[in-house]
Amino acid sequence: MLKVLLPTIMLLPTALLSSQKSLWTNTTTHSLLIATISLHWLLPTYYPHKNLTQWTSIDQISSPLLVLSCWLLPLMILASQNHLQHEPPTRKRIFITTLITVQPLLLLAFSATELMLFYITFEATLIPTLILITRWGSQPERLSAGIYLLFYTLISSLPLLVTILYLHTHIGTLYLTMLKLSHPTLTTSWTDLLLSLALLMAFMVKAPLYGLHLWLPKAHVEAPIAGSMLLAALLLKLGGYGIMRLTLLINPLSPHLHYSFLTLALWGALMTSSICLRQTDLKSLIAYSSVSHMGLVIAASILQTHWSFSGAMILMISHGLTSSMLFCLANTTYERTHSRTLLLTRGLQPLLPLMATWWLLANLTNMALPPTTNLMAELTIMTALFNWSTLTIILTGTATLLTASYTLFMLLTTQRGTLPTHITSLQNSSTREHLLMILHITPLLLLILKPEMISGMPL
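Set out below in structure tokens:
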């Protein structure tokens, strides 16, 4: 664990002390090296806890998410090079350091075995994201987006802190491996029902559940590209991961709780997919699509069966890479046309033909075409849900239909059709952008060859 954590922390002096010319090269290569070192966590084992130390351990549930958070740092640094070109060097350094500080926090959050440490790191990831959105966002509305993000997260997570302290006084320990051995303290009385609701609520807001998701499109639209990638690929996964970790403690879940959450999650997947069909803003469309995908993850992780857990795990990883790639693509068009409106960025295929290939690949993975892990994940989740209740197939089926339709709508409006008259010439796509897309899409296409690495199940 330390052999990844320490180099990550040493990235901070690297970013602060590098000369101006070698700043980007140093940070990118260093973080890519860390990402390649972290790949060995993916080896599946029979052991429930690898690398067990006093505070952290690596599990089959957490190892894919840990590798994903290591993998995304170099990609975020690569993606934000262009819009930081004209900023003074000190501001560039501050930007890179805020990006780097998120990573050790995320690594600790995903591998914590102590609930209190998990809570602290879960909340601490909020600070750098808030700095990113409110400082480097592109419009004055970024302040209201930051306030939305802050208050949604804080109001939902204070009850979580109270519940964690209550559990500590009753059980005497917050160590996850010990909690699994002790009897479930939360029974079916009303107070315990409220406590288990408080346990789940913080993660439901973070994941986000439909109805508590209003901060997400706002934050995504206002955030710079690195902020969007961070939010979509990693911070939403914190919510799903928290649900998967803590539902095991509330065993068995009271039907009052899980019926309401399941219906909201599935209905939300349906609703947000249909909201996507009416979007005019490209970034907001991608943000709503991630709400609908995470709805499936929430529904699956509340079911608590083996199938649904592995489906949720695979969907979290593949959605992290896909939505991050879509945000990068949206950013490349935004940097050239300075507009996120779908009507003003039509017909870009003849101008940027290679980018159109990336658009096609990203959209096909987003709508879960067969050779991708997205399809495997959605199928496992749907099978698990169908096994639980046959009626859910109506909701999940229409949700997939709508997903396919809005994805194709996005592809056709951005790439096809006549070119708007105000676009006369566009800057060519650079090697950096193509490398960024390759680093997003190759893990997605390779993971289907060995999906048990990310399925969260010991072999």
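FYI, the numbering for the sequence shown is -17 to -1, 1 to 442, going by mature numbering (1 follows the signal peptide of the UniProt record, and there is no 0).
Positions of the beta carbon are idealized from the N, C-alpha and C atoms, including for glycine.
Quick caveat: nothing in here was measured; it's all calculated off a predicted structure.
| query | result |
| --- | --- |
| Through-space distance from T96 to I285, alpha-carbon basis | 21 Å |
| Outcome for G303 when other beta-carbon atoms lying within 10 angstroms are tallied against a minimum of 16 | buried |
| Where the alpha helix (DSSP H) containing Y102 begins and where it ends | 98 to 107 |
| Opening and closing residue of the alpha helix (DSSP H) in which P123 lies | From DSSP, P123 is part of no alpha helix (DSSP H); its letter is neither H nor E. |
| Residue of S388, Y317, M277 minimising C-alpha distance to A190 | M277 |
| Reduced DSSP category for K433 - H, G, I as helix; E, B as strand; rest coil | coil |
| Backbone secondary structure at K33 - three-state DSSP | strand |
| C-beta atoms of L67 and K220 nearer than 8 Å | no |
| Whether L89 touches S52 by CB criterion (8 Å) | yes |
| Delimiting residues of the alpha helix (DSSP H) encompassing R76 | 72 to 94 |
| Same chain only: Cβ atoms within 8 Å of M187, ignoring 5 sequence neighbours per side | S139, L195, G222, I226, F244, I281 |
| Nonlocal neighbours in the same chain, by C-beta distance under 6 Å from T315, ignoring five residues either side | E416 |
| Cβ neighbours of H289 in the same chain (closer than 7 Å, five flanking residues each side left out) | M440 |
| Delimiting residues of the alpha helix (DSSP H) encompassing Q3 | Premise fails: Q3 is in no alpha helix (DSSP H) and is neither H nor E. |
| I41, DSSP secondary structure in three states | strand |
| Option nearest L6 by Cα separation, candidates R76, I300, S172 | R76 |
| Check whether L117 and L214 have beta carbons under 8 Å apart | The question names Leu, yet the displayed sequence has Thr at residue 117. Result no, Cβ atoms of T117 and L214 do not sit closer than 8 Å. |
| Own chain residues within Cβ distance below 7 Å of S256, not counting five before or after | S275, A382, L385, T386, Y389 |
| Collapsed DSSP secondary structure at Y158 in the structure displayed | strand |
| Status (buried if at least 16 other CB within 10 Å, exposed otherwise) for Y135 | buried |
| Pick from I421, S408, G330 that is closest to Q398, judged by C-alpha positions | G330 |
| Option nearest E124 by Cα separation, candidates Q64, T156, P207, L178 | P207 |
| Cβ-Cβ distance between T425 and L249 below 8 Å | no |
| Endpoints, the alpha helix (DSSP H) within which W341 is located | 336 to 349 |
| Q37 burial status per 10 Å Cβ neighbour count (16 or more: buried) | exposed |
| Beta-carbon proximity list for P31, same chain, < 7 Å, skipping 5 on both sides | D42 |
| C-alpha distance - T230 paired with K433, whole-angstrom precision | 28 Å |
| 7 Å CB neighbourhood of N34 in its chain, flanking five on each side removed | M(-17), S40, I41 |
| Whole-number beta carbon distance between P238 and L327, since they are thought to touch under 8 Å | Not confirmed; about 49 Å, so no contact. |
| Inter-residue Cα distance where the pair is L197 and T10 | 34 Å |
| Beta-carbon proximity list for I20, same chain, < 7 Å, skipping 5 on both sides | K(-15), V(-14) |
| Start and end residues, alpha helix (DSSP H) containing Y193 | Counting along the chain, Y193 falls outside any alpha helix (DSSP H), and DSSP gives it neither H nor E. |
| Distance between beta carbons of N357 and S322, contact taken as under 8 Å | Incorrect: roughly 29 Å between the Cβ atoms, too far for contact. |
| Alpha carbon of N349 to alpha carbon of S2, nearest angstrom | 40 Å |
| N-terminal and C-terminal residue of the alpha helix (DSSP H) that P167 is part of | Element bounds for P167: n/a, residue is neither H nor E. |
| Secondary structure of T407, DSSP reduced to three states | coil |
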